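Per this note's numbering, the sequence shown starts with residue 22, numbered consecutively. Note sheet for the following structure.
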Amino acid sequence: MKIEFEGKYRMIPGQLLRRCSYAEFRDPHTQKVSYVKRLRPGMLYPRFHVYIDAFSEGFTLNLHLDQKKESYRGCSMHSGEYDGEQVSLEAKRIQGVILEMKMQTDAS
């Protein structure tokens, strides 16, 4: 699920996600940085997983729910949900936290 944020915020996107209880995750194979939030303490899966796409006037979060680790060695495919009730509720929660951090602009 893609969540778009326009404008300026008091923090950079990674810091905003940490405010939403996400931890930075660096893929050991690709070195790509993303953010994860575990649903069960002490368990790697299931977890929410977010990638950030930043642009000059804001950023987009690509959110999905990883149900389990990829099944085949060398394969990046996993049991991910990109929509559904859990993903939708988490997207709304993230939006609420991040929008509170949006910088107000003067209309004058």
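Glycine is no exception: its CB is placed at the ideal position from the N, C-alpha and C atoms. If you're wondering where the values come from, they're calculated on a predicted model, not measured in any experiment.
8 Å contact criterion, which residue i and residue j should meet: CB distance rounded
i   : j   : result
L38 : Y30 : Not confirmed; about 11 Å, so no contact.
Three-state secondary structure (DSSP) of residue i
i    : result
R59  : strand
D106 : For the record, residue 106 in the displayed sequence is Glu; it is not Asp. Three-state result, E106: helix.
I115 : helix
S129 : Its pLDDT being 39, under 50, S129 is placed unreliably by the model, and nothing is read from it.
Cβ neighbour criterion (16 or more within 10 Å) applied to residue i
i    : result
L86  : buried
Y56  : buried
I115 : buried
R61  : exposed
Beta-bridge partners of residue i, as assigned by DSSP
i   : result
E25 : T81
R47 : V54
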